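Under full-length UniProt numbering, the first residue of the sequence shown carries the number 1, and numbering increases by one thereafter.
We put the CB at the ideal spot given by N, CA and C, even for glycine.
Owing to the predicted nature of the structure, the values given are computational and were not obtained by experimental measurement.
Contents: one structure, followed by commentary.
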Amino acid sequence: MNTKAYIDQTDLFPYEPIHQKYMFTYILLSFMFFTYCNQKIHRKKSNWLQQNTLLSFIHASICSILLIIGVLRATEMLEDPLSHANHFNYTLLAFSIGYFLYDFVDCVQNSTTSVVPILIHHIIVIVFFSHVLYYTRNIGYAIYGLSLEINSVFLHARRLIRWYSPFSKTIHFQNFLKIFIDIGNYVTFVLFRFGIVIAGLRALHREGFRLNPIARYFTVLITMAMGVFNFILFYRLVKNQLFGKQSKRQKPSEDDVLVIDNRVLLPS
Numbered sequence: 001m002n003t004k005a006y007i008d009q010t011d012l013f014p015y016e017p018i019h020q021k022y023m024f025t026y027i028l029l030s031f032m033f034f035t036y037c038n039q040k041i042h043r044k045k046s047n048w049l050q051q052n053t054l055l056s057f058i059h060a061s062i063c064s065i066l067l068i069i070g071v072l073r074a075t076e077m078l079e080d081p082l083s084h085a086n087h088f089n090y091t092l093l094a095f096s097i098g099y100f101l102y103d104f105v106d107c108v109q110n111s112t113t114s115v116v117p118i119l120i121h122h123i124i125v126i127v128f129f130s131h132v133l134y135y136t137r138n139i140g141y142a143i144y145g146l147s148l149e150i151n152s153v154f155l156h157a158r159r160l161i162r163w164y165s166p167f168s169k170t171i172h173f174q175n176f177l178k179i180f181i182d183i184g185n186y187v188t189f190v191l192f193r194f195g196i197v198i199a200g201l202r203a204l205h206r207e208g209f210r211l212n213p214i215a216r217y218f219t220v221l222i223t224m225a226m227g228v229f230n231f232i233l234f235y236r237l238v239k240n241q242l243f244g245k246q247s248k249r250q251k252p253s254e255d256d257v258l259v260i261d262n263r264v265l266l267p268s
């Protein structure tokens, strides 16, 4: 590998690439993990969309916890996300690639409706994260992008509480839980979806010269595309919230629910 193409004189941290064998190993283990989880929660008469959403919620929850741990254990990453790399964050990105590969296969095999937007999203994320891990470059900003999974926890929780009864049957608790999830959903949406897009574009404008041209143009393209998709998702989220009572009278198609509430991970 020509390391000169992946280092810059302004890098704060030395370039120490991690061997690609770890990337493929961790991705495979992650894929097997979610395949195992799918088999454990599968029921004969279960709805595929509900099962898929539950696995997405599991992935988002695990990622959110590990993201916080990853940042706290290596706060120096904030000083230069482009050149910083460690094995923990590297493994976390590989874990997510394994999940998106699993989810891609799951959607293709089991969905009876159109999931093209989701499949395109998964392909973009897999390609971007794979490039980051293969060259061990830009891991910090990829971690920033993965922080959208914090919002995905609330996005999926909105749907799960409609399908599964909370452990407490009291009306007060159920109302409190719904309000908490709604507030958390909007707050994290603004912080980790719109905020990450703004931070990503700002970083590209300020530090784009440190990336090779192909990586720079590709990152700009997907960041802007995800920004537009986030606006569409937010519009549908607000519309669904305001006109929820009316929409209950007309049962939406499974595909509409999938597109409206599905996670959108933003690569940096």
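Exercise for the section: If I'm right that VAL187 touches SER64 with Cβ under 8 Å, what's the distance once you round it to whole angstroms? Expected result: Counting from 1 along the sequence shown, the entry for residue 187 is found at position 187. Counting from 1 along the sequence shown, the entry for residue 64 is found at position 64. Contact doesn't hold; Cβ gap of about 14 Å is too wide.
Practice task
Specify the secondary structure class of ASN151 as computed by DSSP and reduced to three states.
Solution key: To locate residue 151, count along the sequence shown from 1; it is residue 151. Three-state result, ASN151: helix.
Exercise for the section: Kindly list the residues whose CB is nearer than 6 Å to the CB of ILE27, restricted to its own chain and excluding five residues on each side of it in sequence; keep chain order. Expected result: Counted from its first residue, the sequence shown places residue 27 at position 27. Closer than 6 Å at Cβ, skipping near neighbours: ALA94, ILE97 and GLY98.
Practice task
Starting from LEU82, follow the alpha helix (DSSP H) in both directions and report where the run begins and ends.
Solution key: As a working mapping, residue 82 is identified with position 82 in the sequence shown. Taken as a continuous stretch (DSSP letters only), LEU82 belongs to no alpha helix (DSSP H), as it is neither H nor E.
Exercise for the section: Would you check if the stretch 156 to 166 and the stretch 100 to 108 touch, i.e. whether three or more CB-CB distances between them fall below 8 Å? Expected result: no
Problem - Host alpha helix (DSSP H) of GLU207 (start-end) - result: Locating residue 207 in the sequence shown gives position 207, where the first residue counts as 1. Taken as a continuous stretch (DSSP letters only), the alpha helix (DSSP H) holding GLU207 covers 195 to 207.
Problem - VAL71 vs ILE143 beta-carbon contact at 9 Å - result: Numbered from 1 along the sequence shown, position 71 holds the residue referred to as residue 71. Numbered from 1 along the sequence shown, position 143 holds the residue referred to as residue 143. Result yes, Cβ atoms of VAL71 and ILE143 sit closer than 9 Å.
Exercise for the section: Locate the alpha helix (DSSP H) running through VAL116, then write down its first and last residues. Expected result: To locate residue 116, count along the sequence shown from 1; it is residue 116. Residues 116 to 135.
Handout entry: Sequence-distant residues of its chain with Cβ nearer than 7 Å to TYR134 (five each side left out)
Key = Against the sequence shown, residue 134 aligns to sequence position 134. Result list for TYR134: GLN20 and MET23, in chain order.
Practice task
Please look up how many angstroms separate the CB atoms of PHE192 and LEU148, rounded, as I've assumed it's under 8 Å.
Solution key: Position 192 of the sequence shown, counted from the first residue, corresponds to residue 192. Position 148 of the sequence shown, counted from the first residue, corresponds to residue 148. Indeed they touch by this definition, with Cβ atoms about 5 Å apart.
Handout entry: Chain-order list of residues whose beta-carbon lies under 7 Å from that of ALA203 (same chain, five-residue window excluded)
Key = By 1-based counting over the sequence shown, the position of residue 203 is 203. Excluding positions up to five away in sequence, the list reads TYR141.
Practice task
Decide yes or no for the touch test of the stretch 109 to 125 against the stretch 73 to 92: beta carbon pairs closer than 8 Å, at least 3 of them.
Solution key: Flag = no, the stretch 109 to 125 and the stretch 73 to 92 do not touch.
Exercise for the section: Could you have a look at PHE243 and say whether DSSP puts it in helix, strand or coil? Expected result: Mapped onto the sequence shown, residue 243 falls at position 243. Three-state result, PHE243: coil.
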